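Down below is the structure, laid out as structure tokens.
Chains as they are written, first to last, in my numbering: chain A, 1 to 419; chain B, 420 to 838.
Laid out in structure tokens, this is it:
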């Protein structure tokens, strides 16, 4: 039924190689309004066309001074400076500062020529006779943001491949980007197969179940930045499957075919892939998810996923997620949603496979514990209840209670516990 | 300039109390198509109207049997059972199983009456004479999913207040939800103030800067599920500010007023809030973000945020994020995006304030280290470079190098490092 099982690492390598060839280097991209850019992926390095802020600014309310005029000043021995006006907000500070002079300035105001620092309001006293007493000396540069301190002309603000976050929109607005070039979202076709599957709107007869996978997978694809093209349900019929996969493969960059867990149905999926293109992998050393098939038809990735919802989701997150990262040429910005926890009980791993265990996180004795959810892989509710996955590598025989593990949190997990 | 500073905890308590009164218990909600539900918040408990799968199913390819007919079977002493047909996928398994009988069944097939388990294909051998030899005994229930094993009629699938994740769409489709009731997204008005602020499309003259905060805050609001209503830039003029805040407060559930970092501008924001409603808090023991003002005008929350981009973002994440959680009556599903790391260097905390330190995560010596970014709070680029925030509580004097900390990751941090 299978040839030799491929390791997860081996499958990912084959996937990477095949997609690099099929998709090449360039990606279609589009320019969209800045505010629509949240969560989209930068199509090229976004480079600052200016220095930011562009002029030396005060970071406090106070008095622009030449630092050397304040050296040694203290409450008992204040330095009197001549007050020669005020910097207007949003205006060029026209009047240069002479020796022994000070100008009033508000936070964000432009430092006048020759000023190299700002004395905070609370350390100065206006005498009403045209002088202000400085009661604390400052160093050059104190309470001042330099002209290019935030960004310099030519700096890469956002490298190609970053997923745009809220702060990025601010930074891009700050240097005058009104639009942002982003990689186009790839269309991902989704098919469910099996004589027992009916659409959610149908009333299932005994022996029938509603289509769970199409909707769970659609959610996964959307969360990873893809666009979905629902291809419906195909009964266990070779010709209809072939016809439908061929149609979707012509329109999409990736087609997910879930179900067909039975031997016969799997054979159909395999035959269809053989006919439309080539099969790269059939059978992966992973639990859940062993019967996975990876194929390629032209520049369209075909993923034959198991019918069990849990298996389909785990395999999609690993293989489909990787493919979408390759499409977007995503560069990780940081550690991602990984939580260190202790494993909640002793658990033996599958022999010769990588195990992916669904877990719930509980907070106990000041630590996070990852409690495995041991429902069958057909159970959608176990996925709804899970917070993430723990991977047990091939070479490990299992996990002991209390052993430190890293939990890969699901994308939906953005709400926070206060800890 | 300020009264006594309120602690962060105190400010959150005042916010909670005021919004509970202003917004009451009920929220406007709408029914939307299931596939549009990703990331939206359930407006009520979503309850299963059926048992799922609804009938006993096989979880493997093999032979439906009565477990007791297989007891003691082994390769050397197989149990021969009479093969009396095959369960068709998607059909009711009509023919009950008699003693000593087996029926072929595929994964997902409906168990015939009287069958209580399934023998896997690889442990059975069809003899071709109408018999199948079972080479491994099974227990009752083996390789079988019970009729209500995934979900029972009346089970809460998704509690009110959960943000919908991919698996949830699958579970809801599985029990026949085509639409999902979600809480309406609140409209959040965003205003920037200051004579020095120009829109991103303008070419700033010396002394002027483009509007960073409106776009960074818009991103934050969108990431937390709100809808944005950009109110533009208001110069440092009391009457125009008053007019614009009043207009937005009439249309929105929350108005963010950023900027006005100078004493005069802050006074305007404060006066406007006093006139339109009431000020709850003016000045919070937090760094960055001390000059924050919280007010209420009718059922609209007014947040006066500092002008520095970093300060504005930190304060929004704490106060604005909390307000949006209260609007959606969100229930956390798990630990959220929290990373345990070691702090990268010695750092003194502000006296009498909670400190929020931007950090980058690096992986070193097999551990995550949180390296503080020590740029000024006016720096937008430091936010772009940061992965999250580390909180130093009021009572701590600082952090030591190597000290364990929890990093609250920013929402955009969904890419993953392989570790």
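Glycine residues also receive a C-beta, built at the ideal position from the N, C-alpha and C atoms.
Here the structure is a predicted model, which means the values were calculated and not measured.
Contact with chain A by residue i, beta-carbon distance below 9 Å
i: residue 732 of chain B; result: yes
i: residue 592 of chain B; result: yes
i: residue 476 of chain B; result: yes
i: residue 798 of chain B; result: yes
i: residue 791 of chain B; result: no
i: residue 639 of chain B; result: yes
i: residue 554 of chain B; result: no
i: residue 613 of chain B; result: yes
i: residue 624 of chain B; result: yes
i: residue 466 of chain B; result: no
i: residue 587 of chain B; result: yes
i: residue 727 of chain B; result: yes
i: residue 509 of chain B; result: yes
i: residue 529 of chain B; result: yes
i: residue 577 of chain B; result: yes
i: residue 803 of chain B; result: yes
Sub-9 Å separation of residue i and residue j beta-carbons
i: residue 75 of chain A; j: residue 136 of chain A; result: yes
i: residue 285 of chain A; j: residue 46 of chain A; result: no
i: residue 570 of chain B; j: residue 693 of chain B; result: no
i: residue 453 of chain B; j: residue 599 of chain B; result: yes
i: residue 42 of chain A; j: residue 147 of chain A; result: no
i: residue 361 of chain A; j: residue 383 of chain A; result: no
Closer than 9 Å to chain B by CB, residue i
i: residue 124 of chain A; result: no
i: residue 53 of chain A; result: yes
i: residue 120 of chain A; result: no
i: residue 139 of chain A; result: no
i: residue 200 of chain A; result: yes
i: residue 338 of chain A; result: yes
i: residue 177 of chain A; result: yes
i: residue 86 of chain A; result: no
i: residue 213 of chain A; result: yes
i: residue 428 of chain A; result: It is not possible to answer for residue 428 of chain A, since the shown part of chain A is limited to 1 through 419.
i: residue 405 of chain A; result: no
i: residue 209 of chain A; result: yes
i: residue 415 of chain A; result: Confidence is the limiting factor: at residue 415 of chain A the pLDDT is only 34, short of 50, which leaves the residue's position unreliable and the question unanswerable from this model.
i: residue 228 of chain A; result: yes
For residue i, the first and last residue of its enclosing alpha helix (DSSP H)
i: residue 746 of chain B; result: 740-747
i: residue 166 of chain A; result: 166-174
i: residue 440 of chain B; result: 427-442
i: residue 214 of chain A; result: 213-223
From the options, residue whose alpha carbon lies closest to that of residue i
i: residue 303 of chain A; options: A/316, A/39, A/340 and A/288; result: A/316
i: residue 657 of chain B; options: B/669, B/775, B/642 and B/688; result: B/688
i: residue 616 of chain B; options: A/257, A/119, A/220 and A/109; result: A/109
i: residue 594 of chain B; options: B/673, B/575 and B/771; result: B/575
i: residue 314 of chain A; options: A/408, A/255, A/73 and A/395; result: A/408
i: residue 745 of chain B; options: B/777, B/581, B/497 and B/614; result: B/581
i: residue 120 of chain A; options: A/65, A/169, A/101 and A/100; result: A/65
Simplified DSSP assignment, three categories, for residue i
i: residue 479 of chain B; result: coil
i: residue 450 of chain B; result: strand
i: residue 316 of chain A; result: helix
i: residue 92 of chain A; result: coil
i: residue 799 of chain B; result: helix
i: residue 529 of chain B; result: strand
i: residue 582 of chain B; result: strand
i: residue 265 of chain A; result: helix
i: residue 627 of chain B; result: coil
i: residue 122 of chain A; result: helix
i: residue 42 of chain A; result: strand
i: residue 80 of chain A; result: strand
Closer than 9 Å to chain E by CB, residue i
i: residue 526 of chain B; result: Given the protein chain composition of this structure (A and B), no chain E is represented.
Extent of the continuous beta strand (DSSP E) to which residue i belongs
i: residue 658 of chain B; result: Segment 657-670 is the alpha helix (DSSP H) holding residue 658 of chain B; no beta strand (DSSP E) there.
i: residue 777 of chain B; result: 773-783
i: residue 553 of chain B; result: 550-553
i: residue 609 of chain B; result: 606-612
i: residue 573 of chain B; result: Segment: none, residue 573 of chain B is in no beta strand (DSSP E) and carries neither H nor E.
i: residue 259 of chain A; result: 254-259
i: residue 184 of chain A; result: That residue, residue 184 of chain A, is in no beta strand (DSSP E); it is neither H nor E in DSSP.
i: residue 391 of chain A; result: 388-392
i: residue 101 of chain A; result: 101-105
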